[in-house]
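In the working numbering, the protein residues as written are 1 to 69. Using N, Cα and C, we set each Cβ at its ideal position, and we do this for glycine too. As the structure is a computational prediction, the values presented were derived from the model and not from experiment. One structure is given here, and the rest of the page talks about it.
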Amino acid sequence: MFTLDNVEYDESKLNDNGKLAFVQLQNIRNRNNQLAIEQEQLNVLAQHYTNLLKENLPEEEKEEEESKK
Numbered sequence: 001m002f003t004l005d006n007v008e009y010d011e012s013k014l015n016d017n018g019k020l021a022f023v024q025l026q027n028i029r030n031r032n033n034q035l036a037i038e039q040e041q042l043n044v045l046a047q048h049y050t051n052l053l054k055e056n057l058p059e060e061e062k063e064e065e066e067s068k069k
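Next up, the structure:
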């Protein structure tokens, strides 16, 4: 069973094209969820490496950056 436009349907009653579309939509939703998780992981990694880079800047660069604040 699935809901489309607030109406519940039985996917086993779909014709072949309907079943194909249903499966493709499931795959698209699953992939979209995977990409959202990967995006969050990349954001965390980017922040980690940004912090690591900041911690390892040459001293004169750190002093200039701190004086701008």
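1. Alpha carbon to alpha carbon, what distance is there between D5 and E11?
2. Between the alpha carbons of R31 and E38, how many angstroms are there, rounded?
3. I'd like to check one pair, L35 with F22: are the Cβ atoms closer than 9 angstroms?
4. In three-state terms, what does DSSP make of K57?
The short version:
1. Taking the straight line from one Cα to the other gives about 15 angstroms.
2. So the two alpha carbons sit approximately 10 angstroms from each other.
3. No, the pair does not count as a contact, with Cβ atoms beyond the cut-off.
4. It is worth fixing the name first, because residue 57 is Leu in this sequence and not Lys. If DSSP states are grouped into helix, strand and coil, L57 belongs with coil.
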